[in-house]
Ligand SMILES: [Zn+2]
């Protein structure tokens, strides 16, 4: 049995479905493929299993039933994910695209980590909230420095306003990096960074306002640092 065939069998078992119109599926790429500006190869079994375990662990950090409100999400595990965007050495841990049917999250199963998965989930949440008008540009820009524009400026000038230089590239990346760190570091993550705390608070409030939070804990993992 070839490695690819084995991977296909292993991953055939990894299909999760939800109710309420949403579904989340995890699959592995089976041959080289281009995704617009990105290129990827098929993962081997060890990589696919690693990626699958990471995704499973990351999803357990969210309230039960939340993912089912994200619409159709296809998570595709790949290997050797490369692209031509700025701000990288050409290698990527993952990206997320809006598709006609929902969302496609592509993860390099050998490179991605928990932060990558939370970051890409943040892009999905951001997309849903923005499309619904639950999160606006003005809401967010209120927590950025007065004269700031995305894609400009040096991180050294705004260390308290952004998670890192990448977060200064676009509003989407800013939101995703802000949320990602909250998921990874929990309580106290923005203790000394009020602007980032306010951004997280803004994102968290939009999530609470837009989604059905029935049965959610008083504080989700991303809300651990919020009072
Ligand atoms: Zn991103």
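Numbering (this note's numbering), first residue to last: 2 to 228. Built from N, CA and C at the ideal position, the CB exists for glycine as well.
In the DSSP annotation of this structure, residue 217 is not part of any alpha helix (DSSP H), being labelled neither H nor E.
Remark: the shortest separation between the CB of residue 177 and any heavy atom of ligand 1 falls under 7 Å. In the DSSP assignment, residue 141 falls within the unbroken alpha helix (DSSP H) covering 138-142.
In this structure, the alpha-carbon of residue 192 lies about 44 Å from that of residue 31. Residue 47 sits in a helix when the DSSP states are folded into three classes. Contact check for residue 40 against residue 135 fails: the beta carbons are separated by 8 Å or more.
In this structure residue 221 is buried. Its beta-carbon is surrounded by 16 or more other beta-carbon atoms within 10 angstroms. The Cβ-Cβ distance between residue 23 and residue 70 falls below 8 Å.
The stretch 173-180 and the stretch 124-131 touch, with no fewer than 3 CB-CB distances between them shorter than 8 Å. Residue 155 carries a coil assignment under DSSP once its states are collapsed to helix, strand and coil.
Excluding five sequence positions before and after residue 181, the CB atoms of its chain that fall closer than 7 Å to its own CB belong to 116, 119, 120, 123, given in chain order. In chain order, 52, 55, 94, 95 place their CB closer than 8 Å to the CB of residue 113, counting only its own chain and leaving out the 5 sequence neighbours on each side.
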